[in-house]
Amino acid sequence: MSWLSRFLVLMAMAVLAGCGKPEFSDAEKKTIASLALNTLPPLKADTTNRFADVPAAAALGSTLFFDQGMSGDGMVSCSTCHKIDRQFQDDLPQAVGVGRTNRRTMPLAGVAHDPWFFWDGRRDSLWAQALTPLENPLEQAGNRAAFAHYIKARFGERYERIFGPLPDLSTVPANASPLGTDAEKAAWSTMTAAQAEDVNRVFANIGKAIAAFERSIAPPQTRFDRFAIDLATGAKPKDDDAFSPEEILGLKLFIGKANCVTCHAGPRFTDNSFHNTGVPPVKDLPPDRGRIDAVRQVEADPFNCFGAFRDGDASACGELRFMVKAGPELIRAYKTPSLRGAATRPPYMHAGQFSSLDEVVAHYSKAPASVEGVSEVHPLQLSDRERAALVAFLKTLAD
Amino acid sequence: MASLWRYVLAGLGLAALLAGILTVVYLTTQHAPQLAGADISRSKTTAHGLFVASFAPEKGVVRQGELHSWLLTLKTVKGASVEGAAITVSGGMPQHRHGLPTSPQATDYLGDGRYRIDGLKFTMSGLWQLHFAISAAAGSDTVIFNVLL
């Protein structure tokens with residue numbers, strides 16, 4: 057062969073070798089790194105709850121979380137729906153406490169990073185959230201006067217070591233609440249302002265203890281996180297950490313054509329915001345309009361950040377202060393849930409509408425119109441292979 | 368025979384070279400031309416030319432997913448500070464057809480035409496648009512700033 061043909065052969069080989077497209081572009085690598093658990097910032101102090109990082113408060117909170125005495129019928133605790141061995145959720149389409157609710161139980165890993173609580177954000181702090189099921193007749197079905205008496209009788213010493221002296225409750229009715237049955241409301245109205253304040257203070261502290269406990273529930277590292285770290289550092293993935301071609305395709309779709317990462321962003325795979333994605337309502341459940349109705353509820357909550365039971369100053373209340381209060385996009389808007397661990401906890405959506413990830417991905421691919429308001433999701437026309445790849449990727453967040 | 372082999376090889380080499388060049392071009396091209404074309408300047412004249420507005424994060428950096436404040440600085444065309452302006456803020460992400468996740472407000476006047484716009488939160492990467500309606504002694508005007516995350 058002449059020098060020319062040798063040169064051409066060499067060139068052809070070099071160029072062909074360089075033609076192999078890299079697995080991920082630099083932009084993709086940047087996005088993947090932003091989703092890895094090691095980018096989750098340390099939990100910020102909650103200045104509205106000065107007991108948030110007090111170990112004794114967390115210990116009492118953990119006791120209360122698992123205590124069935126914390127309910128109207130003595131049969132239900134936080135852990136009835138937030139099951140410790142099931143990612144703190146219950147695998148049911150709608151939670152069942154004393155009665156059947158209209159919403160799916162949310163898992164708790166990393167919950168303390170949230171700015172808003174419940175699917176619709178109707179509470180603005182973890183401690184205010186913890187109070188709500190206690191008095192919901194379908195959840196723990198108790199009342200705040202009864203809880204104050206119960207705490208004094210059962211955990212008085214532990215409570216006082218953390219929060220200081222309990223108030224005199226001797227003349228407080230056994231059952232009373234501004235939100236309860238007619239009899240409980242009537243009893244509440246007979247109480248003096250000082251008595252109501254005393255009971256509300258004990259009640260708020262119950263929430264602060266439970267919140268202190270819940271702050272310790274962190275999301276675990278997954279196969280995806282190990283893969284992301286290896287990709288960022290250029291290390292060769294160990295054994296099972298390597299992604300299959302299907303999982304790589306799923307990840308590429310997730311951060312690319314399928315636009316999932318638009319809302320499922322950051323290390324918790326959520327933008328902490330509310331969106332209408334056209335998820336259909338469940339037959340036989342009461343009307344549910346999502347965020348639009350929650351705005352009034354959080355504003356009216358006496359335990360919100362502007363209320364009398366907040367510790368620290370109002371500079372912590374930015375989310376409530378700058379909350380979007382109106383607009384068509386709040387109609388049937390629900391919180392973007394974290395996708396960590398989602399693959400092993402069907403059913404999905406705010407009322408358990410979909411029983412598998414296949415159904416979820418099919419919904420987002422098809423993007424049907426919302427029954428009310430406007431869905432932000434646009435049809436994707438994903439192939440069968442692409443939908444399966446997305447599901448395969450989502451499973452790497454639960455391994 | 369040998370010369371035919373040579374021509375085939377040369378053809379193959381050139382084709383591979385062309386494919387290589389095309390790959391390089393494809394990989395290095397900006398994939399989001401609609402974002403690349405957006406005007407992301409931080410200082411501009413308002414729609415009807417009444418004011419010169421500048422918009423910058425108060426602490427110098429844009430933080431995704433966190434509430435933070437920006438400064439809107441208003442000057443007249445001649446360079447005088449605009450005082451006592453009433454400012455309203457709206458906006459959203461035009462590509463995703465949704466509004467802002469918060470309701471930012473002009474919370475403080477800091478002097479020298481500087482107004483603190485607090486409560487901004489950019490929940491995702493992409494192109495955000497902020498519309499300001501400004502009303503001051505000189506009249507009312509509007510300005511739009513694009514923020515690319």
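Top to bottom, those sequences are chains A and B.
Just so we're aligned: the first sequence equals residues 57 to 455 in my numbering.
Just so we're aligned: the second sequence equals residues 368 to 516 in my numbering.
We put the CB at the ideal spot given by N, CA and C, even for glycine.
Any chain A beta carbon closer than 8 Å to residue i
i, result
"residue 432/B", "yes"
"residue 483/B", "no"
"residue 441/B", "no"
"residue 417/B", "no"
"residue 463/B", "yes"
"residue 486/B", "yes"
"residue 404/B", "no"
"residue 490/B", "yes"
"residue 427/B", "no"
"residue 466/B", "yes"
"residue 396/B", "The predicted model places residue 396/B with a pLDDT of 44, which falls under 50 and marks its position as unreliable, so this point remains unresolved."
Backbone CA spacing between residue i and residue j [nearest angstrom]
i, j, result
"residue 153/A", "residue 399/A", "24 Å"
"residue 495/B", "residue 465/B", "10 Å"
"residue 347/A", "residue 386/A", "5 Å"
"residue 218/A", "residue 371/A", "25 Å"
"residue 185/A", "residue 328/A", "16 Å"
"residue 440/A", "residue 488/B", "37 Å"
"residue 442/B", "residue 249/A", "52 Å"
"residue 119/A", "residue 140/A", "13 Å"
"residue 434/A", "residue 423/A", "6 Å"
"residue 332/A", "residue 393/A", "13 Å"
"residue 232/A", "residue 206/A", "13 Å"
"residue 412/B", "residue 82/A", "36 Å"
"residue 123/A", "residue 134/A", "8 Å"
"residue 448/B", "residue 378/A", "27 Å"
"residue 374/A", "residue 435/B", "9 Å"
"residue 280/A", "residue 460/B", "29 Å"
"residue 417/A", "residue 378/B", "46 Å"
"residue 234/A", "residue 244/A", "6 Å"
"residue 136/A", "residue 142/A", "11 Å"
"residue 312/A", "residue 208/A", "55 Å"
"residue 214/A", "residue 116/A", "7 Å"
"residue 114/A", "residue 430/A", "42 Å"
"residue 452/B", "residue 419/B", "13 Å"
Neighbourhood of residue i by C-beta, 6 Å cutoff - its chain only, sequence neighbours within 5 removed
i, result
"residue 95/A", "323"
"residue 144/A", "138, 163, 164"
"residue 481/B", "438, 440"
"residue 405/A", "335"
"residue 226/A", "none"
"residue 236/A", "199"
"residue 299/A", "283"
"residue 321/A", "327"
"residue 509/B", "414, 500"
Closer than 8 Å to chain B by CB, residue i
i, result
"residue 321/A", "yes"
"residue 157/A", "no"
"residue 328/A", "yes"
"residue 432/A", "yes"
"residue 333/A", "no"
Heavy atom of the ligand NAD within 7 Å of residue i beta-carbon
i, result
"residue 123/A", "Among the components modelled here there is no ligand, and therefore nothing to report on the ligand NAD."
Contact set for residue i: own chain, Cβ-Cβ below 7 Å, skip 5 residues either direction
i, result
"residue 190/A", "126, 196, 198, 203"
Other residues of its chain near residue i: CB distance less than 8 Å, five sequence neighbours each side excluded
i, result
"residue 420/A", "314, 316, 333, 433, 436"
"residue 297/A", "279, 282, 283, 286"
"residue 428/A", "345, 387, 388"
> What are the uninterrupted segments assigned as alpha helix (DSSP H) that are 4 or more residues long and contained completely in the stretch 329–379 of chain A, given in chain order?
Replying inline: 347–356, 374–377
> For the stretch 362–381 of chain A, which residues have a CB atom closer than 9 Å to at least one CB atom of chain B, in sequence order?
Replying inline: 374, 375, 377, 378, 379, 380, 381
> Listed from N- to C-terminal order along the chain, which residues in the stretch 468–479 of chain B have their beta-carbon within a distance smaller than 8 Å of any beta-carbon of chain A?
Replying inline: 468, 469, 470, 471, 472
> When you check each C-beta in the stretch 378–411 of chain A against every C-beta of chain B, which residues fall closer than 8 Å?
Replying inline: 378, 379, 380, 381, 383, 385
> Listed from N- to C-terminal order along the chain, which residues in the stretch 94–107 of chain A have their beta-carbon within a distance smaller than 8 Å of any beta-carbon of chain B?
Replying inline: none
>> I'd like the ranges of any beta strand (DSSP E) spanning at least 3 consecutive residues and lying wholly in the stretch 424–451 of chain A.
In response: none
> What residues in the stretch 449–460 of chain B have a beta carbon less than 8 Å from any beta carbon of chain A?
Replying inline: none
>> Any C-beta of chain B within less than 9 Å: which residues of the stretch 442–454 of chain A qualify?
In response: none
>> Give the list of continuous beta strand (DSSP E) stretches no shorter than 3 residues that lie fully inside the stretch 454–480 of chain B.
In response: 472–478
> Got a sec: which bits of the stretch 286–318 of chain A sit with their beta carbon under 9 Å from any beta carbon on chain B, in order along the chain?
Replying inline: 315, 317, 318
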